[in-house]
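Engineer:
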Amino acid sequence: ENITLPNNQTSVTFNRNICHEKLCCNFDLNVQYVNPTSSVQYKAVVFDGKRKTRATKDAEYGLQVCGVVLCSNGSISSCGSPAVNGVLPHFNDSKPNVIFRAINISGNFIFDNANPLPNVLLWPNTPDSFLINTKDVQFSSDNTKSSLIVNTQNQIMTVAIHSRVFSRDPGNSAPMSHVSLFIMLISMVPFIY
1 ENITLPNNQT SVTFNRNICH EKLCCNFDLN VQYVNPTSSV QYKAVVFDGK RKTRATKDAE
61 YGLQVCGVVL CSNGSISSCG SPAVNGVLPH FNDSKPNVIF RAINISGNFI FDNANPLPNV
121 LLWPNTPDSF LINTKDVQFS SDNTKSSLIV NTQNQIMTVA IHSRVFSRDP GNSAPMSHVS
181 LFIMLISMVP FIY
């Protein structure tokens with residue numbers, strides 16, 4: 001599911017609960033548009049399911065996402081990578097005239113055999129400045145919900161809680177604790193011999 005954030009005002013408070021399948025996400029955003037224009041759009045997006053990617057040779061993997069993404073137009077297919085022509089923008093590229101004054105995202109993510117994590121990508125102000133200062137991010141996750149609060153005055157390309165749900169991967173019936181233990185044991189083999 002996705003909803004376009006209003007972009008025809010100078011200041012917008014966006015407070016919505018959006019659900020897809022079993023994942024429900026709450027978005028509490030305060031957005032300031034320097035020069036309101038329909039050419040810069042953001043969408044609040046929620047996804048709960050499986051995805052395929054060429055990077056994994058079209059293997060499916062389980063995924064849950066609550067996020068806000070930059071789009072080049074009103075179509076969901078224009079969001080994320082297509083919004084910047086498939087490459088991370090150069091710091092000299094014109095920036096969206098949008099500042100997120102407050103970002104608070106939370107959702108009822110799956111916690112069994114899953115790994116919810118924050119994901120924040122800034123529009124660069126200097127070369128290699130895509131990452132946010134960790135002091136500007138508050139992330140919490142327990143067995144009932146994950147929450148992300150971002151406090152920044154930088155332009156944002158995307159902000160989300162992204163969770164890999166390993167139990168949805170094909171052929172994965174092992175609990176995550178067994179997979180982690182197996183990886184730890186394999187990594188110790190060179191030291192034993």
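Counting with the UniProt record's numbering, you get residues 1 to 193 for the letters of the sequence shown. All C-beta atoms in this analysis are idealised placements derived from N, C-alpha and C, irrespective of residue type, glycine included.
Could you tell me how far apart the beta carbons of F100 and V31 are, in whole angstroms, since I believe they sit closer than 8 Å?
Structural biologist: Residue mapping note: residue 100 aligns to position 100 of the sequence shown, counting from 1. Residue mapping note: residue 31 aligns to position 31 of the sequence shown, counting from 1. Sure, about 6 Å apart at Cβ, within 8 Å.
Engineer: Got a sec? Which residues, its chain only, sit under 6 Å from K52 by beta carbon, not counting five neighbours each side?
Structural biologist: Taking the first residue of the sequence shown as 1, we reach residue 52 at position 52. Counting only Cβ-Cβ distances below 6 Å, and skipping sequence neighbours, we find D58 and E60.
Engineer: With respect to the beta strand (DSSP E) encompassing Q64, which residues constitute its N-terminal and C-terminal limits?
Structural biologist: The count along the sequence shown starts at 1 and reaches residue 64 at position 64. Residues E60 to C71.
Engineer: Pull the bridge partners of R164 from the DSSP assignment, please.
Structural biologist: Within the sequence shown, the letter at position 164 stands for residue 164. L63 and N115, per the DSSP bridge assignment.
Engineer: Quick one: what does DSSP say residue 248 is sitting in, helix, strand or coil?
Structural biologist: The question about residue 248 has no answer, for the chain in this structure spans 1 to 193.
Engineer: Using a 10 Å radius around the Cβ and a threshold of 16 neighbouring Cβ atoms, would you call V165 buried or exposed?
Structural biologist: Stepping through the sequence shown from its first residue, residue 165 is reached at position 165. Buried, since its Cβ has 16 or more Cβ neighbours within 10 Å.
Engineer: Mind checking L131: buried by the 16 CB within 10 Å criterion, or exposed?
Structural biologist: As a first step, residue 131 is located in the sequence shown; it is residue number 131 there, counting from the start. Classification of L131: exposed, given that the 10 Å Cβ count is below 16.
Engineer: Taking V68 and Y42 to be in contact with their CB atoms under 8 Å, please state how far apart those CB atoms are, rounded to whole angstroms.
Structural biologist: The count along the sequence shown starts at 1 and reaches residue 68 at position 68. The count along the sequence shown starts at 1 and reaches residue 42 at position 42. Correct: roughly 5 Å between the Cβ atoms.
Engineer: If I follow the unbroken beta strand (DSSP E) through V137, where does it start and stop?
Structural biologist: Along the sequence shown, one-based indexing puts residue 137 at 137. Unbroken beta strand (DSSP E) run through V137: V137 to S141.
Engineer: Could you tell me which residues DSSP puts in a beta bridge with V45?
Structural biologist: Start at 1 with the first residue of the sequence shown, and residue 45 comes out as number 45. Answer is N2 and G67, bridged to V45.
Engineer: Leaving out five residues on either side along the sequence, give the residues of the same chain with a beta carbon under 6 Å from the beta carbon of residue 194.
Structural biologist: The structure shown has nothing for residue 194, since the chain only spans 1 to 193.
Engineer: Among I161, S78, P170 and Q153, whose alpha-carbon lies nearest the alpha-carbon of C24?
Structural biologist: Counting from 1 along the sequence shown, the entry for residue 24 is found at position 24. Among I161, S78, P170 and Q153, the Cα nearest to that of C24 is on I161.
Engineer: Cβ of D136 within 8 Å of Cβ of T152?
Structural biologist: Here residue 136 corresponds to residue number 136 of the sequence shown, with the count starting at 1. Here residue 152 corresponds to residue number 152 of the sequence shown, with the count starting at 1. Yes, the Cβ-Cβ distance between D136 and T152 is below 8 Å.
Engineer: Among all the DSSP beta bridges, which residues are the ones paired with S78?
Structural biologist: Counting from one through the sequence shown, the residue named residue 78 turns up at place 78. In the DSSP output, where bridge partners are listed per residue, S78 has none listed.
Engineer: Quick one: residues in its chain with C-beta nearer than 8 Å to the C-beta of residue 217, no 5 flanking neighbours on either side, listed in chain order?
Structural biologist: Missing from the structure shown is residue 217; the chain here goes from 1 to 193 and no further.
Engineer: From G74 to F47, what distance separates their C-alpha atoms?
Structural biologist: Sequence index remark: in the sequence shown, residue 74 carries index 74 (1-based). Sequence index remark: in the sequence shown, residue 47 carries index 47 (1-based). Answer to the nearest angstrom: the Cα atoms are 18 Å apart.
Engineer: Using only CA atoms, which one of N7, S77, C71 and G107 lies nearest to E21?
Structural biologist: Taking the first residue of the sequence shown as position 1, residue 21 is located at position 21. Of the listed residues, the one whose Cα sits closest to E21 is G107.
Engineer: Tell me whether T13 sits in a helix, a strand or coil according to DSSP, three-state version.
Structural biologist: Locating residue 13 in the sequence shown gives position 13, where the first residue counts as 1. If DSSP states are grouped into helix, strand and coil, T13 belongs with the strands.
Engineer: For T158, which of helix, strand or coil comes out of DSSP?
Structural biologist: Translated into positions along the sequence shown, residue 158 becomes position 158. Strand.
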